[in-house]
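Contents: one structure, followed by commentary.
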Amino acid sequence: MSVTNRSLGSGSRLHGFQDLARYRVHDILLVSSLYDAFILTEDGLLSEGVLGRFLSFDTHDAPRLHHAQTGQEALALAGADGRYDLVIAAMHVGDMSVVELAAELARRGSRLPVIALAYDVRDLAGPSDLPGVDRVFLWQGDVGILPAIVKSVEDQRNVAADTGEMGVQAIILIEDSVRFYSSFLPVLYSELLRHSQSLVPEGINLSHTLMRLQARPKILLCTSFEEAWGYFAAHEDNILGVIADIEFPKDDALEPEAGLAFAQMVRRRQPDVPIMLQSSLAENEALASGVGAAFLLKESPTLLHQLQQFMIENFGFGDFVFRLPDGTVVGHAPDLRSLEQQLHTVPAASLAYHGERNHFSKWLKARTEFALAHSLRPQRLSDFPTSEHLRQHLIQSIHRYQSQQKRGIVADFDAGTFDPAESFGRIGGGSLGGKGRGLAFVAFLLEEYGVQARFRSVRIGVPPAVVLGTDLFDRFLDQGGLREFVLASDDDEEILRTLLAAPFPDKELRDLAAYLEIVRYPLAVRSSSLLEDSPYLPFAGIYDTWMVPNRDPDHRVRLDQLREAICRVYA
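Read in order, the letters of the sequence shown correspond to residues 872 to 1442 in this note's numbering.
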């Protein structure tokens, strides 16, 4: 059966994001002397650092690191194995230089990217643009340079597809100094890591969480005006921000005000893109201000911290901070749900201030809420009669988007976003079972194929439900030490009495209590067996369904009735 993706379908959105970051570095060939390798590893620090940083970025497999002591050994490994995705080599590896190694790899037909890693600033005395070498980096004692190198290589390869097809954002970094960009990249990627981790709790389910991690902004390292403008022109609608030196090469010559010219061109095309200009000369701060850019003094002892703060305040990382035009803070929104709540009460002057600067769209893009961000971006404050009309539009758009996000998807139960009229949620992991899976599939089909839109006069939907995953059943048995008992006993009444008296897992009991705070209609507690409704094992009529009135004024009584009904189904 051929399934066509539809832009409005929740399932299609997740499937689309699975195609992000297709180019991955899985195996790295590190070419260095034993001493250089020792400096890097420090009794395993390198492997732990690489593994830890990568597992923090996403849950896919971390790259494997392989070491060669000489160029000849590296050539033999690359030729015999053929599995490497990236070569990171010291500037000199005893029997040859990194340029000679890159040339010999190319002569043998290799297309592997080659990164040169200098261990001493004296190695950078010559030109940084080495023939056959993709980029030169400087080891400055931070193991974070390794993940930064690999992610930088991946981002360069993936940016065209990821920004073009899915709207993933990109940050342009323009810096021709090896020393500075080797310092900047670990900081930038570390901040992206913290930002990505902050979004994890907002994931609707595991697939949605992984999508958020996959959709993190790219960092595009550029060392010349032409390279940077090429990226900007190709992806200008998805540029999250620009961080640039003021002096860097333009037209094959070092241009003292290249950064200013670049900022002016960006401002003409995209007036609201945040720009940070850097210089070793303090007097250039006035020039940066003249083109509407922030300024960072390169010799500042707090350089990296200031860079990090600029990202947080201007790239939409962290909370959305509601401000008045004079800068006074009037509210904070850590997530989309709280943003909707804050919009009801923040002053109209704050709404106007952020609306006319596209701050809402920028914050949403940084949080991978691309569809909502793009729907808001074309609209300006002038498009609305008053600020109150803008307020209602924002609230309705966010509410509609959050509702649509969960349609057709089995979302992890969240008391803050569960809609008692239409949500389909899950408590606990594992399988949904037959009934749960069937209902989830019907919900998916209704959303994916826009059935409601075709029959507007009829309300078509799946009853709102929460499915308890099979993991909860297993933990319920194991927590009470009941597994051997229920397998050995053939007395149904004894099994029922024992399970009714058994303790229920605390976290899930709290979720059920939160669920009952939201829903006040009668409940049907039904079985959803793993084997239920399979082609050769119909289970119709095998299990009981227990009705819960859910009307007692005492919340504890209602919770106990629900817990008892669940235990009866388990029995």
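Note that CB positions come from ideal geometry on N, CA and C, so glycine has one too.
Everything numeric in this text was worked out from a predicted model, so none of it was measured.
Alpha carbons only, please: which of the options is nearest the one belonging to residue i?
i            : options                : result
residue 907  : 943, 1010, 1417        : 1010
residue 934  : 994, 963, 1263, 898    : 898
residue 1373 : 1224, 1344, 1381       : 1344
residue 1051 : 904, 995, 1105, 1417   : 995
residue 1143 : 1069, 1290, 1231       : 1231
residue 1426 : 1008, 1381, 1137       : 1381
residue 1503 : 1003, 1158, 1168       : Look at the range of the chain in this structure, 872 to 1442, and you will see that residue 1503 is not part of it.
residue 1393 : 1364, 1430, 1413       : 1430
residue 1397 : 1383, 1387, 1378, 1417 : 1417
residue 1017 : 900, 1035, 974, 904    : 900
residue 1130 : 1162, 1154, 1284       : 1162
residue 1025 : 985, 989, 1335, 1012   : 985
residue 1387 : 1108, 1152, 1290       : 1290
residue 1095 : 1395, 1284, 1000       : 1000
residue 1237 : 1087, 1133, 1257       : 1087
residue 1226 : 1191, 1242, 1038       : 1191
residue 960  : 989, 981, 1272, 950    : 989
residue 1440 : 1428, 1324, 1399       : 1399
residue 1350 : 1330, 1375, 1359       : 1375
residue 1058 : 1069, 1085, 1019       : 1019
residue 1234 : 1120, 1188, 1175       : 1188
residue 1336 : 1280, 1195, 987, 964   : 1280
residue 1193 : 1215, 1100, 1318, 1385 : 1215
How long is the line joining the alpha carbons of residue i and residue j, rounded to whole angstroms?
i            : j            : result
residue 1222 : residue 1229 : 11 Å
residue 1445 : residue 1432 : Since the first residue of the chain shown is 872 and the last is 1442, residue 1445 is not available in this structure.
residue 1390 : residue 1293 : 11 Å
residue 1040 : residue 1110 : 6 Å
residue 1326 : residue 1098 : 52 Å
residue 1173 : residue 1309 : 57 Å
residue 1414 : residue 1181 : 59 Å
residue 970  : residue 944  : 16 Å
residue 1348 : residue 1368 : 14 Å
residue 1199 : residue 1035 : 37 Å
residue 1288 : residue 1103 : 37 Å
residue 1259 : residue 1219 : 7 Å
residue 1166 : residue 1217 : 30 Å
residue 1334 : residue 1328 : 18 Å
residue 942  : residue 1320 : 57 Å
residue 956  : residue 1056 : 20 Å
residue 946  : residue 968  : 13 Å
residue 916  : residue 1015 : Note that residue 916 scores 46 on pLDDT, short of 50, meaning its location in the model is unreliable; the coordinates nonetheless yield the value given after this. Whole-angstrom Cα-Cα distance: 11 Å.
residue 1424 : residue 1379 : 22 Å
residue 950  : residue 979  : 8 Å
Helix, strand or coil, according to DSSP, for residue i in the structure here?
i            : result
residue 1101 : helix
residue 1213 : helix
residue 938  : strand
residue 902  : strand
residue 1331 : coil
residue 1295 : strand
residue 1126 : strand
residue 897  : coil
residue 1120 : strand
residue 1138 : helix
residue 1150 : strand
residue 1390 : coil
residue 1006 : strand
residue 879  : Any reading at residue 879 needs caution, since the residue's pLDDT is 34, under 50, leaving its predicted position unreliable; the model's value is listed next. In the structure shown, residue 879 sits in coil (DSSP, three-state: anything other than H, G, I, E or B).
residue 933  : coil
residue 968  : strand
residue 1281 : coil
residue 980  : coil
residue 1430 : helix
residue 1112 : strand
residue 1133 : helix
residue 961  : strand
residue 1419 : strand
Quiz prompt | Contained alpha helix (DSSP H) runs [length at least 4] in the stretch 1170-1208, N- to C-terminal order | solution = Within the stretch 1170-1208, the alpha helix (DSSP H) runs of at least 4 residues that lie entirely inside it are, in chain order, 1174-1185.
Practice problem: Specify whether the stretch 1298-1312 and the stretch 1240-1250 touch according to this definition: at least 3 beta carbon pairs, one from each stretch, less than 8 Å apart. | Solution: No, the stretch 1298-1312 is not in contact with the stretch 1240-1250.
Self-check item: contact_flag[the stretch 1112-1122, the stretch 1037-1049] where n(CB pairs < 8 Å) is 3 or more
Solution: Contact check between the stretch 1112-1122 and the stretch 1037-1049: three or more CB pairs, one atom from each, fall below 8 Å, which counts as touching.
Exercise. Say whether the stretch 1020-1031 touches the stretch 1087-1097, bearing in mind that this needs 3 or more beta-carbon pairs closer than 8 Å, one atom from each stretch.
Key: Touching, per the Cβ criterion.
Exercise. Return the chain-ordered ranges of every beta strand (DSSP E) run that is complete within the stretch 1310-1358 and spans a minimum of 3 residues.
Key: As far as the stretch 1310-1358 is concerned, its whole beta strand (DSSP E) runs of at least 3 residues are 1336-1339.
Quiz item: Touch check for the stretch 1302-1314 and the stretch 1334-1341: three-plus C-beta pairs under 8 Å?
Solution: By the Cβ rule, the stretch 1302-1314 counts as touching the stretch 1334-1341, because three or more pairs are nearer than 8 Å.
Quiz item: Is there contact between the stretch 1190-1204 and the stretch 1151-1161, where contact requires at least three CB pairs shorter than 8 Å?
Solution: Cβ pair count under 8 Å is below three, so no.
Practice problem: Output the residue ranges of the alpha helix (DSSP H) runs that lie fully inside the stretch 1237-1276 and measure 4 residues or longer, sorted by chain position. | Solution: 1241-1247, all fully within the stretch 1237-1276.
Exercise. Mind listing, in chain order, the continuous alpha helix (DSSP H) runs of no fewer than 4 residues lying wholly within the stretch 1013-1075?
Key: 1016-1037, 1049-1070, all fully within the stretch 1013-1075.
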